[in-house]
Each structure stands twice: as C-alpha cells, then as structure tokens.
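Following: one structure in structure tokens, then a few remarks.
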Amino acid sequence: MRFKDQMKFVRQNIRKNKMRIFMTVLASAMGTTFLIVLASVGFGLHDTLLKDVMEQDKINEISVYGYDDGEYREINENDLDYFKSLENVKSVRHVNYVSQGPNILVDDFELSSNMISVNFDAEREAGLNLAKGDYPKADTEIIVGYHFAEYLMPTGVDPEKVFDDEGNKLDEYKFKDEIVGQTVKFEIEKYDEDDNVETKSFEVTIVGVVEKPNRDWQTNTQVYISEGLLTELEAFTGTSNAFPFAHDEYYELKDFRTFDEVYIHTDSVQYIKDLTTFLTDNHYYAYSVANEINQINILFNVAKAGLVFIGTIAVLIASIGIYNTMTMAVTERAPDIGIMKAIGANPKTIKQVFLLESSYIGIIGAVIGTAVAYLISFAVNLGIPLIIESIFNESLPEGFKFSVIPLSLIVISITICLLVTIISGARPAKRATQIDVLKAMRRDL
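Counting in the numbering used here, the sequence shown runs from 27 upward without gaps.
Listed below in structure tokens is the structure:
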C-alpha cells in the first residue's frame with residue numbers, strides 16, 4: 027500500500043467522523059497554543075533583557091577594580107601597561123574620583139557635581155563622544171556631562187521658587203547661554219588636624235559637552251578634568267584624589283598613582299569573555315557584560331525549560347482525546363481491518379495507517395495552535411503595555427515585549443505535539459494489527 031493510498035484512506039476515515047475529529051483537533055490545538063504562549067513569555071522577557079544589556083555603551087568593556095594574589099592592591103600604572111600589551115585590547119582608560127564635590131560656579135549659576143579625572147586621549151580611543159565642542163588640550167580646560175547646563179541652579183534663589191508645581195524648572199531660572207566657552211570657578215578645601223579649613227580657588231574653561239546617555243532616564247552632570255589638574259588639586263590638599271582631610275593616612279600621597287576604576291576596551295565583543303576569564307585567572311578582579319549575559323542566559327534557559335514542561339502537560343492532556351479517538355476508530359473499523367488482512371495487507375501497513383491518522387490529527391492541531399499562538403502573542407504585546415499605561419500611568423521601555431515566538435519554539439512545540447500524538451496512537455495502532463480476521467468478517471455480516 028503506497029503512502030498516497032494510505033493518506034487517501036486516512037482522509038476518508040476522518041470525513042466519516044467530522045465532529046469527533048474536530049473536537050480532538052481542537053484539544054490538540056489548545057494544548058499547542060498553551061505551550062507556545064506560555065513559553066513565549068520566557069522568550070520575550072529573555073530577548074528584551076538581552077537587548078537592553080546589548081545596547082549598553084559598555085558591551086565591549088571590561089571593568090578591572092583590583093588585584094589579589096593573596097594580598098589585595100589597587101590597579102597602578104604598571105598594570106595599565108600590562109593591559110595595553112594584551113592581544114585584542116583596543117584601549118585602556120582609567121578614572122579617579124575627586125574626593126570632594128565642589129560647587130561649580132558659572133556666572134550667576136551653580137551646581138554641586140561629581141568631578142572625575144580622566145586621560146582624554148584614552149577616552150577618545152574608548153569612544154567617549156562629544157555632543158558639542160572639543161576635547162581639552164590644556165589642564166585648565168574641562169568637559170562636562172550632557173545635562174550639566176540643564177541642572178545649573180541660580181545662586182541666591184530659594185530652590186522651591188525655581189520649580190513649578192509639576193517639578194519643571196521655570197523658564198526665568200534656566201541657564202540659556204552657550205555652555206561651551208564658559209569660564210567656571212570652584213574651590214577645594216583642606217582641613218588640618220584641628221579642623222581648620224583652608225580653601226583654594228581654581229578657574230577652568232568648558233570646551234566640550236559629552237553626548238547624551240543612551241537611556242532617557244539617565245542623567246550626566248559630571249565634570250571631567252585632566253590628570254594634570256588633579257595633580258594640582260592633590261598638591262594643595264597633600265592627599266590622593268584631593269581628599270580634604272590632610273591627616274588621614276589612607277589618602278596620603280604615594281610615589282606612584284593608583285586608579286579607582288580601570289576599563290579595558292577590546293577590538294570586538296567576541297573577545298570579551300575570553301579576556302575576562304584570562305584576567306580573572308591572573309588574579310585580577312574583572313567584570314564584563316559577558317558575565318551578566320551568561321547569568322541571564324542560565325536563569326532564563328531554566329525558566330524557559332520549566333515553562334515548556336508545564337505547557338507539555340497541556341499537550342499530554344490533549345493526547346488523551348487522541349487516544350480515545352483512535353481506540354474508537356480501531357473498534358469501528360474492525361471489519362475494514364479484517365478485509366485488509368484478508369486480501370494480504372501487511373500488519374505493519376495497517377499499523378502505519380493508524381499512526382498516520384493520529385499524526386495527521388496532531389499536525390493539524392499543532393498548525394492551528396501555532397497560528398492562534400501568534401495572534402495571542404501579537405495581542406499581548408499590543409494590549410498589555412496599553413493596560414499598564416492606563417492603570418499605572420507609566421509607559422514601558424521602547425521595544426519591550428512580553429511575548430516572543432522564535433522559530434526554535436515552534437519546532438520544539440510541533441515536535442512535542444507530534445511525538446505525543448504518535449505515542450497516543452501507538453497502542454490503538456498495535457491493537458489494529460491484532461484483530462482476528464474471522465471475527466472481524468463475522469461482525470461485518
């Protein structure tokens with residue numbers, strides 16, 4: 027019996043019991059839909075979180091924050107030279123935080139901001155882009171964060187009068203001049219052992235503004251100064267990073283400079299994981315986004331496997347209907363089976379026919395279930411953000427998806443459904459091959 031004839035025979039039998047087959051297909055489709063939609067939530071949240079991580083500026087960056095081969099120490103210039111000598115390293119940048127948050131004065135405006143010391147050549151190599159202006163060429167030149175001018179406050183004005191009832195700064199109190207080219211002043215303090223304070227004023231010029239952060243909720247008001255200017259601040263305070271209390275031994279100046287933060291940038295993202303592992307094996311405390319991605323993948327792979335398992339239970343429940351349908355089909359078609367045996371049909375062929383029928387039902391259910399799952403996924407991604415926005419008055423991040431149905435999930439779901447239907451039809455198919463020819467023919471009479 028050719029495959030074409032077997033399919034014709036299966037379709038004829040399906041037409042005889044349309045309602046029963048319809049209900050069985052419906053159960054199979056519902057099980058498949060439940061499996062796909064449930065698992066798609068795990069895939070959706072996984073993809074959204076990975077996309078959020080991958081869009082970070084630091085995707086090809088490794089943070090190194092110490093060395094420990096039995097005794098911890100901070101990263102120094104010798105370490106920087108070592109990092110630069112490593113293969114696939116594009117640039118190495120370092121940061122030192124000024125231990126005071128000086129009040130920055132710009133004409134009649136002021137802002138208390140973080141001040142960090144960087145090497146501007148290394149920052150340029152690492153990809154620190156400017157929204158306007160240029161990089162400093164002298165120690166008396168600085169660059170500021172994108173939101174620095176926006177957050178400047180008028181001096182001598184009550185802060186409560188600066189903002190309206192909704193928290194927006196009133197137009198009359200906004201800094202409206204071009205920030206690039208402005209001369210700014212700030213003071214550094216130094217305390218002796220008797221807590222007597224001495225101050226020194228510094229005057230610098232803003233020559234550039236760092237580009238806007240990737241995320242709308244991020245703000246950057248930092249002041250970026252050169253290593254040369256940091257050295258001047260330290261010369262006044264007599265402490266590292268211009269710590270204001272000169273009698274603190276921990277901050278006393280050393281013969282060599284150490285760094286608060288060091289970042290290694292690679293030529294490509296593909297080198298991040300191996301280089302991070304290499305540094306860790308060589309006693310450096312190193313961290314990269316690759317570590318985070320690996321942890322995210324492990325967590326969500328376990329979650330997705332659990333969701334697929336729960337969804338598979340629904341398919342197994344649907345398989346009971348397929349088992350009952352095929353059992354009844356064998357009973358009803360006993361005379362037909364007897365005739366097939368009488369004319370010399372191989373028991374293997376009879377078994378194939380019934381397995382083919384159960385698989386046919388399962389595949390139709392899987393296809394319908396997949397189509398419905400896509401519609402539900404689309405509705406979920408479209409509707410839930412609107413519901414959240416209307417109820418909580420908050421919008422989700424752009425590109426956020428609750429449900430994603432990749433091709434791999436479809437393949438997994440259809441494979442599970444097909445295997446379950448074959449297993450469900452295996453027992454009835456075996457019974458069909460064991461039917462006695464004479465009893466089947468007598469029943470027909």
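Beta carbons are placed, not taken as given, at the ideal position from N, Cα and C, and that holds for glycine. Computed from a predicted structure; not experimentally measured.
- Contact check between the stretch 273-289 and the stretch 182-195: fewer than three CB pairs, one atom from each, fall below 8 Å, which does not count as touching.
- Counted as a single uninterrupted DSSP element, the alpha helix (DSSP H) harbouring Asn104 occupies residues Glu103 to Ser111.
- DSSP places Phe285 in the strand class (E or B) of the three-state scheme.
- Membership of Lys187 in the alpha helix (DSSP H) is indicated by the continuous run Pro185 to Val188.
- Excluding sequence positions up to five before and after Ile85, its CB lies within less than 7 Å of the CB of Val295 and Val315, all in the same chain and listed in chain order.
- Between Val328 and Val235, the CB-CB gap reaches or exceeds 7 Å.
- Cβ neighbours of Asp286 within its own chain (closer than 7 Å, five residues either side excluded): Val121, Asn122 and Tyr123.
- Here Ile290 is bridged, per DSSP, to Ile88 and Val118.
- Annotation for Lys238: no beta strand (DSSP E) segment contains it, and DSSP assigns it neither H nor E.
- Three or more beta-carbon pairs separated by less than 8 Å link the stretch 435-454 to the stretch 47-65, which places the two stretches in contact.
- For Ala261, no beta strand (DSSP E) run applies; the uninterrupted alpha helix (DSSP H) run containing it begins and ends at Glu253 to Thr263, by DSSP.
- For Leu422, there is no enclosing beta strand (DSSP E), as DSSP marks it with neither H nor E.
- Secondary-structure assignment with DSSP links Leu137 through a beta bridge to Ile130.
- Counting of Cβ neighbours within 10 angstroms places Arg99 among the exposed residues, the total staying below 16.
- Per DSSP, the beta bridge partners of Met179 are Glu136.
- By the beta-carbon neighbour count (other beta carbons within 10 angstroms, threshold 16), Leu333 is buried.
- For Glu149, the enclosing alpha helix (DSSP H) covers residues Phe146 to Ala152.
- As computed with DSSP, Asp94 is found in a beta bridge with Tyr98.
- Only residues of its own chain outside the window of five on either side were considered, and among them Phe428 and Ser429 have a CB closer than 6 Å to the CB of Val406, listed in chain order.
- Beta-bridge annotation (DSSP): Ala164 is not paired with any residue.
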